[in-house]
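Asks: Residue numbers (my numbering): 5 to 133.
Using N, Cα and C, we set each Cβ at its ideal position, and we do this for glycine too.
Just so we're clear, the structure is a prediction, and the values are computed from it rather than from any experiment.
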Amino acid sequence: LRAQGFDTELVTGRPPAPHFHSWMHYAWQAQEMWPDLYVQVHPDKAARHGIADGQRVVIETAHGKIEARAWLHAGIRPDAIFIPIGWGERQPYHPWRSVNFLTDKHQRDPASDHSNLKTYLCRIAPSGE
5 LRAQGFDTEL VTGRPPAPHF HSWMHYAWQA QEMWPDLYVQ VHPDKAARHG
55 IADGQRVVIE TAHGKIEARA WLHAGIRPDA IFIPIGWGER QPYHPWRSVN
105 FLTDKHQRDP ASDHSNLKTY LCRIAPSGE
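Right, dumping it as structure tokens:
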């Protein structure tokens, strides 16, 4: 995958406090604080890819592609990005494709039979919009 340009580790996890799963997207207060799906990107990586803070970007894995707003954050490793869970296309105010579209539903943990939702190789680029 690295030879195909998938050179960045995608890490997923919990969103900021105002959003807890998808149900908080129906509260206007949470929408005012965090309206858009975001991806945390190290400023050095963003500079290499021509990505500005707040810019719409495309994140792609071997399994799918989504868009999110770039949040330049020096607290993340330069070889990784972070996307929170909980955003989706059915949200009433700011619909986004969920990070789940980047995962492989067939890749399962042999012990727990849980799908891998935490980390994948990906690539990131500015969106055409």
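Checking the sheet assignment: what are the DSSP bridge partners for Phe-86?
Replies: According to DSSP, Phe-86 bridges with Val-15, Gln-44.
Asks: How would you label Lys-49, buried or exposed, when you count the other beta carbons within 10 angstroms and need 16 or more for buried?
Replies: So Lys-49 ends up on the buried side.
Asks: Quick one: what's Ala-74 bridged to in DSSP?
Replies: Bridge partners of Ala-74: Val-43.
Asks: What's the gap between the Cα of Pro-82 and the Cα of Val-45?
Replies: Straight-line Cα distance between these residues: approximately 7 Å.
Asks: Report back the beta-carbon spacing between Phe-105 and Ile-128 to the nearest angstrom; my notes put them in contact at under 8 Å.
Replies: The Cβ separation is near 15 Å, so there is no contact.
Asks: Excluding the 5 residues flanking Asp-113 on each side, which residues of the same chain have their C-beta closer than 6 Å to its C-beta?
Replies: Same-chain partners within the cutoff: there are none.
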